[in-house]
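A quick write-up on the structure given underneath.
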Amino acid sequence: MTSGLAPTIGGPRPGSGLRVRFDHRNTELASADFSCRCGLPAQDAIGASAVQQLVVRAERHMRDDCPLPDIRRAAAHRDAARRRLHESRRK
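Read in order, the letters of the sequence shown correspond to residues 397 to 487 in this note's numbering.
Shown next as structure tokens:
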């Protein structure tokens, strides 16, 4: 899923992880890229809805499907922190 205009978030050697970039807070132009240390092919997205879908896919992969236990553990901690934050705001 690589487009001709890939995000330049990570520089020439971006490493692994999820990077999201909004060019300006008043525009809809967003870009993201994702690569995992487990060897999953790198993905990138441009545009608000495509970036949102990529973020969801990346988090699901890191939390549920990644064969590396440290990545799954870190994603589970992020998910739990998001849930705690959301629950504390509802009260």
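Virtual Cβ for every residue (Gly too), placed ideally from N, Cα, C.
Evaluate residue i with the Cβ neighbour count: other Cβ atoms within 10 Å of its Cβ, from every protein chain shown; 16 or more gives buried, anything less gives exposed.
i: Asp-461; result: exposed
i: Leu-481; result: exposed
Suppose contacts are defined by Cβ-Cβ distances below 8 Å. Is residue i in contact with residue j by that definition?
i: Ala-428; j: Val-447; result: yes
i: Ala-426; j: Ala-444; result: yes
i: Arg-459; j: Ala-438; result: no
With respect to the beta strand (DSSP E) encompassing residue i, which residues constitute its N-terminal and C-terminal limits?
i: Arg-417; result: 413-418
i: Ala-441; result: 439-442
i: Asp-429; result: 426-431
Residue i to residue j, Cα distance in whole Å?
i: Glu-483; j: Asp-475; result: 12 Å
i: His-457; j: Phe-418; result: 23 Å
Could you check which residue in the options has the C-alpha nearest to that of residue i?
i: Leu-464; options: Leu-414, Leu-436, Arg-415; result: Leu-436
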